[in-house]
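K.L.:
Here this note's numbering runs 82 ahead of the position in the sequence shown, where the first position is 1. Even glycine gets a Cβ: it sits at the ideal position worked out from N, Cα and C. Computed from a predicted structure; not experimentally measured.
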Amino acid sequence: KTRGMDLCFLSRYKEALEMANKALSCRTPDYSAYDTKATALANLNRHPEALQAIELSIKSAPDSAESYRIKGSILENMRRYGPAVDAYRKAWQIKHTDWNVFRIAHCLDMQNKFAEAIDELSQQIKRTPKDGEAFRERAMLKIKTKDLPGAIKDFDTCIAMEPTAKTYRDRAKLHLQMGHKDLSNRDLAEAAKIESSPF
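#1: Would you mind stating whether residue 93 and residue 124 have Cβ atoms separated by less than 8 angstroms?
#2: Contact between the region 110-117 and the region 125-133: three or more CB pairs below 8 angstroms?
#3: Measuring CA to CA, which of 229, 219, 196 is closest to residue 244?
#4: Buried or exposed: which applies to residue 109, given that a residue is buried once 16 or more other Cβ atoms fall within 10 Å of its Cβ?
#5: Are the beta-carbon atoms belonging to residue 153 and residue 176 less than 8 angstroms from one another?
#6: Going by DSSP in three states, residue 244 sits in which element: helix, strand or coil?
#7: Spatial neighbours of residue 249 within its chain, please: CB distance less than 7 angstroms, with the 5 preceding and 5 following residues excluded, ordered by chain position.
#8: Specify the secondary structure class of residue 193 as computed by DSSP and reduced to three states.
#9: Taking a contact to mean a Cβ-Cβ separation below 8 angstroms, would you say residue 119 touches residue 150 in this structure?
#10: Looking at the secondary structure, which residues open and close the alpha helix (DSSP H) in which residue 290 lies?
Set out below in structure tokens:
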């Protein structure tokens, strides 16, 4: 499995698929190779086959957070966002990995379930109060719900923790939308300063 996944990381998906199939056709099959097979198939845009492979992986190892994460990713690529959320939730229940929370929020966002997505990120912020990315993502969702002051507040917190040119530009755009031209210009200047810095 490890060698197969290494090939996936190198974008050598056809080779990874061949290796996974060999591992699964042995006299004593290595069922963990289903994860590799599913990942390779998904990257070859063979999503229905990838989904079949990951279901077999889950059947052989029902407590694998990684298998549920892969399943969520496959379903997300198929734009089946509801089932993708279920898969990511299962992955998170088995192993509390922040990445799954962000994917859940994204899938909810894609279904226009903005309030639910905001709630997911709010829970993430309660667990990890210094997660600047969670504040940034929640700000973007608050804009969609027309909670512009709430979005500004989240951008403020994010910038205080992780000042990036992108976040300054996002807040500048929002300030301009709210008629705060001076604040918008100030944020654009800060973004330019970060982008021109050699550090």
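P.N.:
Short version:
#1: no
#2: no
#3: 219
#4: exposed
#5: no
#6: coil
#7: Non-local beta-carbon contacts of residue 249 in its own chain, meaning distances under 7 angstroms to residues more than five positions away in sequence, involve 218, 237, 240, 241 in chain order.
#8: Note: residue 193 maps to coil in three-state DSSP.
#9: A distance of 8 angstroms or more separates the beta carbons of residue 119 and residue 150.
#10: Nothing about residue 290 can be reported from this structure: the residues present for the chain run from 83 to 281 only.
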